[in-house]
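Quick note, the sequence shown lines up with residues 1 to 185 if you use full-length UniProt numbering. Virtual Cβ for every residue (Gly too), placed ideally from N, Cα, C.
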Amino acid sequence: MTLHKAFDAAFPPLSAPIGCSIAIGYIGGKRATNVWTLQEWKRFALLRQIPVYVPDLTLEKPADAAVNACDAARSLGWAPDQRPNRVIVCDLETSIDRSWYAQFTYTVAHEGFQAVAYGSLSTVLENAASDVWVAAWDGSAALLAGQTIHGHQWAADVPWQGTTVDLSVCDDWMWDGAGRGPRHN
């Protein structure tokens, strides 16, 4: 299995950390610290790209959050109904709400995308997600075994070009579901 190096950052750096072939950035949600602009996404046009939506489960209805996430992805140029479907990450952090996440996933699929649950290894699997990106800052750039885990965020707050980035590895499934960059001006 090939592992692809990825980075994410609330405030994107000017260029990707060395060896990263996937940029993971933020497209919205009530808990998003910063939403990447089109120009920020374009910095990484040569990389695969994965959008992240950061909902507040107490303030956003799951179907509304899913539609907002899909609308934001489409507005940046991610096309729905691709084969394989483009992934949209739902950043759950430490939240556990199986029903909320199931409704979010259903709506994302109906909109033509594939939902991936992101969160702490200690909690994210409790959401019964079929596709998972775990945060376990163990310093090991290896994929963890488990409930369809496709990504592992293994390092956090790594200084890079005046900001901090988190580092991950992703499998081929996640790579294949990543877009090739925003296409709109």
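A residue is called buried when at least 16 other Cβ atoms come within 10 angstroms of its Cβ; glycine 179 meets this threshold and is buried. In this structure histidine 152 is in contact with alanine 136, their Cβ atoms being roughly 6 Å apart against a cut-off of 8 Å. Proline 62: member of the alpha helix (DSSP H) spanning 62-75, first to last residue. DSSP, read as helix, strand or coil, puts phenylalanine 7 in strand. A distance of 8 Å or more separates the beta carbons of arginine 31 and valine 67.
In the DSSP assignment, glycine 139 falls outside any beta strand (DSSP E) and carries neither an H nor an E. With fewer than 16 other CB atoms across the displayed protein chains lying within 10 angstroms of its CB, histidine 110 is exposed.
With contact defined as three or more Cβ pairs closer than 8 Å, the stretch 158-178 and the stretch 2-12 are in contact. Excluding the 5 residues flanking it on each side, aspartate 172 has same chain C-beta neighbours closer than 7 Å at Met1, Thr2, in chain order. Distances from the alpha-carbon of proline 84 to those of Ala73, Thr163, Gly112 put Gly112 closest. In this structure the stretch 161-169 does not touch the stretch 25-40; the number of beta carbon pairs closer than 8 Å is below three. In the structure shown, aspartate 171 falls within a coil segment according to DSSP collapsed to helix, strand and coil.
In the structure shown, the three-state DSSP call for alanine 45 is coil. Taking the CA atoms as reference points, isoleucine 24 sits about 12 Å from alanine 45. Uninterrupted alpha helix (DSSP H) stretches at least 4 residues long and entirely within the stretch 75-143 occur at 98-110, given in chain order. Shown here, aspartate 176 sits in a helix according to DSSP, grouped into three states.
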